[in-house]
Amino acid sequence: MTECVECGADVTLHDNAEVGEILDCTTCGAELELVERNPPVLQRAPELEEDWGE
Amino acid sequence: MTECVECGADVTLHDNAEVGEILDCTTCGAELELVERNPPVLQRAPELEEDWGE
Amino acid sequence: MTEYTEAELEAAHEQLIDNDLGDDGLRTDGGAVGADDQNAPIVVKIGGARAVNPEDALADVAHLVANGEDVVVVHGGSTAVDDTLERLGEDPEYVETPGGVVGRFTDETTMEVFEMVLPGKLNTDLVAGLQNQGVNAVGLSGADGKLLTGPRKSAVKVVEDGRKKIKRGDHSGKIEAVNDDLLSTLLAGSYVPVVTVPMLAEESSGEGTATEFTPVNADADRAAAAVAGALGGELVVLTDVEGVYEDPEDSDSLIESVGTPAELDAAEDAAEGFMTKKVMAAVEALEGGAASVTVADANNRDPITAARTGHGTTFE
Amino acid sequence: MTEYTEAELEAAHEQLIDNDLGDDGLRTDGGAVGADDQNAPIVVKIGGARAVNPEDALADVAHLVANGEDVVVVHGGSTAVDDTLERLGEDPEYVETPGGVVGRFTDETTMEVFEMVLPGKLNTDLVAGLQNQGVNAVGLSGADGKLLTGPRKSAVKVVEDGRKKIKRGDHSGKIEAVNDDLLSTLLAGSYVPVVTVPMLAEESSGEGTATEFTPVNADADRAAAAVAGALGGELVVLTDVEGVYEDPEDSDSLIESVGTPAELDAAEDAAEGFMTKKVMAAVEALEGGAASVTVADANNRDPITAARTGHGTTFE
Ligand SMILES: [Zn+2]
Ligand SMILES: [Zn+2]
Chain A
8 MTECVECGAD
18 VTLHDNAEVG
28 EILDCTTCGA
38 ELELVERNPP
48 VLQRAPELEE
58 DWGE
Chain B
8 MTECVECGAD
18 VTLHDNAEVG
28 EILDCTTCGA
38 ELELVERNPP
48 VLQRAPELEE
58 DWGE
Chain C
9 MTEYTEAELE
19 AAHEQLIDND
29 LGDDGLRTDG
39 GAVGADDQNA
49 PIVVKIGGAR
59 AVNPEDALAD
69 VAHLVANGED
79 VVVVHGGSTA
89 VDDTLERLGE
99 DPEYVETPGG
109 VVGRFTDETT
119 MEVFEMVLPG
129 KLNTDLVAGL
139 QNQGVNAVGL
149 SGADGKLLTG
159 PRKSAVKVVE
169 DGRKKIKRGD
179 HSGKIEAVND
189 DLLSTLLAGS
199 YVPVVTVPML
209 AEESSGEGTA
219 TEFTPVNADA
229 DRAAAAVAGA
239 LGGELVVLTD
249 VEGVYEDPED
259 SDSLIESVGT
269 PAELDAAEDA
279 AEGFMTKKVM
289 AAVEALEGGA
299 ASVTVADANN
309 RDPITAARTG
319 HGTTFE
Chain D
9 MTEYTEAELE
19 AAHEQLIDND
29 LGDDGLRTDG
39 GAVGADDQNA
49 PIVVKIGGAR
59 AVNPEDALAD
69 VAHLVANGED
79 VVVVHGGSTA
89 VDDTLERLGE
99 DPEYVETPGG
109 VVGRFTDETT
119 MEVFEMVLPG
129 KLNTDLVAGL
139 QNQGVNAVGL
149 SGADGKLLTG
159 PRKSAVKVVE
169 DGRKKIKRGD
179 HSGKIEAVND
189 DLLSTLLAGS
199 YVPVVTVPML
209 AEESSGEGTA
219 TEFTPVNADA
229 DRAAAAVAGA
239 LGGELVVLTD
249 VEGVYEDPED
259 SDSLIESVGT
269 PAELDAAEDA
279 AEGFMTKKVM
289 AAVEALEGGA
299 ASVTVADANN
309 RDPITAARTG
319 HGTTFE
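Residue numbers (the numbering used here), protein chains in the order written: chain A, 8 to 61; chain B, 8 to 61; chain C, 9 to 324; chain D, 9 to 324.
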């Protein structure tokens with residue numbers, strides 16, 4: 008359990024959540040990136056366009 | 008044994024002479040390339056400069 | 009510098025004009041498309057796909073150049089990158105976005121191979137192939153003269169095992185600017201630019217420091233679109249099908265022309281798989297200033313001329 | 009397109025002028041060499057040797073370009089070719105001539121790797137490195153615009169196990185022509201050409217057929233010599249020693265100047281190993297029309313400027 012950096016709501020972590028994983032806040036819908044595991048630190052995930060190169 | 012294509016002198020082949028090998032005619036000094044092995048065929052070796060690339 | 013004699017050129021030209029393209033009796037006499045913009049450069053994207061033999065396209069580039077057209081060739085070569093990665097014992101890595109788009113993840117080793125294969129082997133061989141057709145080609149990557157620049161995207165959002173993740177270290181970017189001066193300089197000197205990726209990505213290290221440039225991956229169709237846009241040119245995208253089909257299962261359903269927003273919506277809906285990227289590139293090219301875009305079959309005889317005379321799907 | 013501000017350029021220029029090169033008190037103010045031919049292009053050969061870090065040379069190219077000089081960079085990269093061959097599980101092949109010269113035998117696979125490494129990885133990285141110094145570099149191989157052409161040598165005479173043989177299938181050639189128009193076009197457009205091998209070899213298939221062009225291996229020092237000759241430029245060959253030594257064991261025996269036939273004979277006699285190729289290239293450059301040739305240490309600070317102001321062995 009840790010807190011959403013946007014709305015403060017509780018966010019549940021999977022037992023095997025990995026650094027880099029994105030969690031959706033079920034309260035405000037924010038995309039949160041797990042940047043440290045122990046103790047867990049969340050930050051707002053960067054906005055990234057969904058397309059690639061060659 | 009085969010003949011020099013330049014001067015007609017006899018040229019001796021090693022037992023294990025290979026195609027591509029160059030034999031010097033001991034009579035006229037011509038460089039002869041062994042282009043076929045059985046039966047042996049000699050031709051004048053191409054003039055090639057002695058330098059390379061990178 | 010050309011290897012053709014005057015007579016050979018004349019003969020090639022006559023043959024081109026007389027050549028019947030087959031099924032519909034259209035002649036390759038430069039009709040419909042291109043008549044109004046004889047001087048707009050023709051940007052030809054040739055495929056990197058294994059199925060596509062570029063020889064016919066290169067011969068057709070020679071025809072066009074002999075006829076006084078300005079031509080720019082753009083190429084990719086993704087499958088060749090994978091082949092070389094495998095020869096080096098590396099696994100190509102493809103990732104999926106939350107939206108379901110599959111794309112290459114370009115780590116440092118992949119980027120190195122990318123440089124080796126695209127501006128290295130493929131570009132050099134294409135330039136030599138064009139020289140053998142009498143075309144004085146000059147190879148360029150997006151790094152040369154800052155030809156293709158834009159921001160780097162080093163992080164991507166992916167789905168792995170059903171979970172969303174941020175994956176960092178991608179060598180990829182988005183083309184936002186084309187140095188059309190370099191292309192114009194070469195075209196004015198009667199050279200034919202042969203352009204490939206990587207692009208040159210700009211990154212600022214943050215604290216007011218200078219911009220740093222890094223060669224990174226970019227999609228070759230979109231590179232061709234950016235070039236055609238910057239030059240106000242006609243874009244011909246050669247691929248291994250005849251164009252965009254309304255129903256990909258039905259070879260009679262080729263969409264010949266896309267001119268209205270409704271037709272564009274229909275084409276976007278109809279395009280599947282790799283063809284979605286071609287349609288996206290077509291839209292980007294037109295938005296960027298291209299005169300027209302035709303997606304057509306590289307396996308046609310004189311495939312560029314065929315595309316410019318009604319064979320394929322033309323976006324205007 | 010440059011990334012320098014006006015002020016930064018001025019500062020760089022001042023620093024360059026004020027910079028004392030050390031041991032002999034010579035200042036880098038463009039004295040001796042070059043004062044009379046300010047407008048002759050400077051052709052810089054940078055080494056492919058592992059020991060040589062090109063960063064200082066690239067920064068010095070930026071100084072020169074900022075000062076209004078026309079600069080052409082030429083590079084090789086033989087050791088990088090060997091590294092990549094080894095990563096692919098291939099053995100680099102070196103053969104010896106009856107005269108005792110050791111050189112690479114370039115079979116088809118080696119040629120492929122050559123294209124991947126030289127115009128591919130090394131050239132792209134050098135161009136990006138120059139862009140990061142504010143230099144608008146454009147990479148070229150000898151195939152681009154037929155920049156470096158000449159006959160192919162597909163057969164070589166070698167000694168194996170004490171026997172002379174003709175070995176066929178070599179991808180190598182001799183540069184006989186340089187397309188200086190392509191270089192002038194780019195220089196006039198304020199671009200800095202970054203040139204590498206392969207060259208484009210011409211072969212006639214015999215029966216009155218057209219010439220066929222194939223990218224083949226050529227020595228990068230001699231490519232630099234050909235370019236400097238064609239442009240009437242100053243050639244600076246950067247290497248990992250200070251120049252040609254009368255006695256390679258004695259670091260005090262550096263030959264500073266080679267101007268007379270007797271001095272040239274002495275330099276040719278003194279040069280050993282890889283330095284014989286540098287001396288040979290110097291002679292070819294001068295015979296081809298180069299204004300001067302300096303062989304100098306890439307590890308000097310501002311190594312090109314150092315070479316042009318008396319550090320190294322200068323052939324005139
Ligand atoms: Zn929230
Ligand atoms: Zn004889």
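For each residue, glycine too, the CB sits at the ideal point set by N, CA and C.
Item checked: Continuous beta strand (DSSP E) stretch holding D:A163: start and end -> It spans L156 to E168 - the beta strand (DSSP E) in which D:A163 sits, taken as one unbroken run.
Next item on the list: Could you name each continuous alpha helix (DSSP H) segment of 4 residues or more that falls completely within the region 267-293 of chain D, going from the start of the chain to the end?
Entry: Segments of the alpha helix (DSSP H) lying fully in the region 267-293 of chain D: 269-278.
Notebook entry, point to check: Would the beta-carbon of D:A65 fall within 8 Å of that of D:L246?
Noted result: Taking 8 Å as the Cβ cut-off, D:A65 and D:L246 qualify as a contacting pair.
Note to self: Quick check: is any heavy atom of ligand 2 less than 7 Å from the C-beta of B:A52?
What the structure shows: Answer for B:A52: no, Cβ out of range of ligand 2.
Margin query: Assuming D:R171 is part of the beta strand (DSSP E), what are its boundary residues?
Written below: Start and end: R171 to G181.
Next item on the list: Put C:D45 into one of helix, strand or coil per three-state DSSP.
Entry: Any reading at C:D45 is ruled out, since the residue's pLDDT is 43, under 50, leaving its predicted position unreliable.
Check: Which residue comes first and which comes last in the beta strand (DSSP E) that contains C:I263?
Finding: Counting along the chain, C:I263 falls outside any beta strand (DSSP E), and DSSP gives it neither H nor E.
Margin query: Between which residues of its own chain and D:G267 is the CB-CB distance below 7 Å, once the five residues before and five after are set aside?
Written below: Taken in chain order, the residues that qualify are E324.
Check: Taking D:A145 as the reference, which of D:V164, D:K172, D:L195 and D:K154 has the closest Cα?
Finding: Checking every option, the nearest Cα to that of D:A145 belongs to D:L195.
Item checked: Backbone CA spacing between D:Q141 and C:P256 [nearest angstrom] -> Approximately 50 Å, taken between the alpha carbons.
Notebook entry, point to check: Between the C-alpha atoms of D:S300 and C:E184, what's the straight-line distance to the nearest angstrom?
Noted result: Cα to Cα, the separation comes out at about 43 Å.
Next item on the list: Can you give me the Cβ contacts of C:G177 inside the same chain, cut-off strictly under 7 Å, excluding the 5 residues immediately before and after it?
Entry: Here the set comprises D115 and S162.
Item checked: D:P100 to D:T284 span [Cα, whole Å] -> For D:P100 and D:T284, the distance between alpha carbons rounds to 22 Å.
Check: Do B:E63 and ligand 2 come close, with the Cβ less than 7 Å from some heavy atom?
Finding: Outside the displayed range of chain B (8 to 61) lies residue 63 of chain B, so it cannot be described from this structure.
Notebook entry, point to check: Does D:E324 have its Cβ less than 8 Å from a Cβ in chain B?
Noted result: No, D:E324 does not count as interfacial toward chain B.
Next item on the list: Answer yes or no: does any C-beta atom of chain B fall closer than 8 Å to that of D:K286?
Entry: Proximity of D:K286 to chain B, defined by a Cβ-Cβ separation below 8 Å, is not satisfied.
Margin query: Looking at the strands, I want to know which residues DSSP matches up with B:E10.
Written below: Note: B:E10 sits in a beta bridge opposite B:D17.
Checklist line | Closer than 7 Å: C:E77 CB and nearest ligand 2 heavy atom | finding: Answer for C:E77: no, Cβ out of range of ligand 2.
Check: So C:V135 packs on D:D152, CB below 8 Å; how close in whole Å?
Finding: Between C:V135 and D:D152, the beta carbon gap of about 6 Å places them in contact (Cβ cut-off 8 Å).
Item checked: Beta carbon of D:K173 nearer than 8 Å to that of D:G158 -> No.
Notebook entry, point to check: Residues in the region 113-130 of chain D with C-beta within 7 Å of chain C's C-beta atoms, listed in sequence order?
Noted result: Those residues of the region 113-130 of chain D that come within reach of chain C (Cβ to Cβ, closer than 7 Å) are E120, E123, M124, V125, P127, G128 and K129.
Next item on the list: Label C:P127 either buried or exposed according to how many other C-beta atoms from any shown protein chain fall within 10 Å of its C-beta, with 16 as the threshold for buried.
Entry: Buried, because 16 or more other Cβ atoms sit within 10 Å of the Cβ of C:P127.
Notebook entry, point to check: Does the beta carbon of C:R160 sit closer than 8 Å to a beta carbon anywhere in chain D?
Noted result: No, no contact with chain D.
Margin query: I need the straight-line Cα distance from C:V287 to C:G97, nearest angstrom please.
Written below: Separation of C:V287 and C:G97 (C-alpha to C-alpha, rounded to the nearest whole angstrom) is 34 Å.
Check: Among A:L55, A:A52 and A:V48, which residue has its Cα nearest to the Cα of A:T9?
Finding: The shortest Cα separation from A:T9 among A:L55, A:A52 and A:V48 belongs to A:V48.
Margin query: Is there a C-beta anywhere in chain C that falls below 8 Å from the one on D:A1?
Written below: Limits of chain D in this structure are 9 at one end and 324 at the other, which puts residue 1 of chain D out of reach.
Check: From the DSSP output, which residues share a beta bridge with D:H83?
Finding: Paired residue(s): D:I54 and D:T204.
Check: Could you check where the alpha helix (DSSP H) with D:G336 kicks off and where it finishes?
Finding: Examination of residue 336 of chain D is not possible in this model, given that chain D is present from 9 through 324 alone.
Margin query: Between C:V1 and chain A, is any beta-carbon pair separated by less than 8 Å?
Written below: Shown here, chain C extends from 9 to 324; a query on residue 1 of chain C therefore has no answer.
Next item on the list: Taking D:G84 as the reference, give the member of D:D229, D:G111, D:S180 and D:N187 with the closest Cα.
Entry: Closest option to D:G84, Cα to Cα, is D:D229.
Note to self: For a cutoff of 8 Å on Cβ pairs, would you count C:R316 as touching chain G?
What the structure shows: Within the model displayed, chain G is absent; protein chains A, B, C and D are what it includes.
Next item on the list: Taking all protein chains shown into account, decide if B:Q50 is buried (16 or more other Cβ within 10 angstroms of its Cβ) or exposed.
Entry: Exposed, because fewer than 16 other Cβ atoms sit within 10 Å of the Cβ of B:Q50.
Margin query: Please report the straight-line C-alpha distance between C:E211 and D:V110, rounded to a whole angstrom.
Written below: Spanning the two alpha carbons is a distance of roughly 45 Å.
Next item on the list: Could you tell me whether any non-hydrogen atom of ligand 2 is closer than 7 Å to the CB of B:T34?
Entry: Correct: B:T34 has its Cβ closer than 7 Å to ligand 2.
Notebook entry, point to check: Of all the options C:R316, C:A293 and C:F113, which has the alpha carbon lying nearest to the alpha carbon of C:A304?
Noted result: The residue with the shortest Cα to Cα distance from C:A304 is C:R316.
Margin query: Rounded to the nearest angstrom, what separates D:G108 and C:A231 at their Cα positions?
Written below: For D:G108 and C:A231, the distance between alpha carbons rounds to 50 Å.
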